[in-house]
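Numbering (my numbering), first residue to last: 20 to 233.
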């Protein structure tokens with residue numbers, strides 16, 4: 020599995036903790052950022068939500084682990100986009116149930132609120148439990164069929180209730196697209212393979228000049 024780590028500026032100090040908690044599990048972890056305080060451009064949750072949608076919809080990653088101070092802002096931002104199924108994960112039990120019942124592709128973590136002594140240990144426990152079960156297997160087991168049917172219906176609803184990602188990229192303000200695409204390493208990751216969505220590729224290329232640092 021390819022996993023992107025995307026945390027916003029208020030949680031830059033937690034980036035290394037997230038990467039460390041994901042290490043040693045046999046997955047390819049791509050540290051998109053923010054990797055440290057003071058990096059420019061600064062990514063707010065409005066930017067990390069867009070990056071999450073792009074990486075998932077382009078198939079560059081299978082899972083995004085993100086968050087912000089409370090996890091709520093990133094959850095709201097990422098959920099604005101098609102193809103993103105995000106859960107607010109505070110505890111190992113949240114992670115264990117979310118994987119089985121909701122089979123999401125995005126985890127939103129609270130990286131400042133309640134992040135005290137042994138916060139990094141809690142992150143490891145969260146990932147221990149998330150990866151310990153079969154995604155979408157259902158819990159409890161006798162609820163497997165209706166939960167899987169609901170998840171499939173949610174994917175259909177997601178398609179109906181969203182514009183295409185190409186249209187979204189075209190319409191977003193420069194203040195969102197610019198910092199997101201110009202953050203170090205982001206464009207190389209987005210452009211790191213064929214894009215099967217020609218309108219999205221065209222939209223990104225049209226918006227790319229506004230993302231280039233002065």
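Heads up, the beta-carbon is just placed ideally off N, CA and C, and yes, glycines get one too.
By a C-beta neighbour count over all protein chains shown, 10 Å radius and 16 as the cutoff for buried, is residue i buried or exposed?
i: residue 231; result: Residue confidence for residue 231 is low, a pLDDT of 44 falling below 50, so the modelled location carries little weight; the figure read from the coordinates is stated next. Counting Cβ neighbours within 10 Å, residue 231 comes out exposed, since fewer than 16 surround it.
i: residue 71; result: buried
i: residue 172; result: exposed
i: residue 248; result: The displayed coordinates of the chain run from 20 to 233. Any statement about residue 248 would go beyond what the structure contains.
i: residue 63; result: buried
i: residue 219; result: buried
i: residue 168; result: exposed
i: residue 133; result: exposed
i: residue 27; result: buried
i: residue 180; result: exposed
i: residue 89; result: buried
i: residue 119; result: buried
i: residue 175; result: exposed
i: residue 151; result: exposed
Would you kindly report the start and end of the unbroken beta strand (DSSP E) that includes residue i?
i: residue 21; result: 21–26
In this structure, what does DSSP give as the bridge partners for residue i?
i: residue 82; result: 22
i: residue 107; result: 127
i: residue 87; result: 129
Which of the three DSSP states is assigned to residue i in this structure?
i: residue 47; result: strand
i: residue 190; result: helix
i: residue 135; result: coil
i: residue 92; result: helix
i: residue 52; result: strand
i: residue 217; result: helix
i: residue 198; result: helix
i: residue 29; result: helix
i: residue 152; result: coil
i: residue 182; result: coil
i: residue 230; result: The predicted position of residue 230 is uncertain, since its pLDDT is 40 and thus under 50; a value taken from the coordinates is nonetheless stated next. DSSP places residue 230 in helix when its eight states are reduced to three.
i: residue 160; result: helix
i: residue 121; result: helix
Can you give me the start and stop residues for the alpha helix (DSSP H) that residue i sits inside?
i: residue 68; result: 64–76
i: residue 169; result: 163–179
i: residue 34; result: 34–41
i: residue 205; result: 205–209
Should residue i be listed as close to the ligand FMN, given that the test is whether its C-beta is under 6 Å from any heavy atom?
i: residue 126; result: As presented, the structure is devoid of all ligands, the ligand FMN included, so that no description of it is given.
Can at least three beta-carbon pairs, one atom from the segment 29–42 and one from the segment 94–108, be found at a separation below 8 Å?
Inter-segment contact for the segment 29–42 and the segment 94–108 is absent: fewer than three beta-carbon pairs are separated by less than 8 Å.
For the segment 133–150 against the segment 176–195, do three or more pairs of beta-carbon atoms, one drawn from each stretch, fall closer than 8 Å, so that the two count as touching?
no
Are the segment 48–66 and the segment 196–212 touching by the rule of at least three beta carbon pairs closer than 8 Å?
yes
Count Cβ pairs between the segment 78–98 and the segment 206–217 that sit closer than 8 Å; are there 3 or more?
yes
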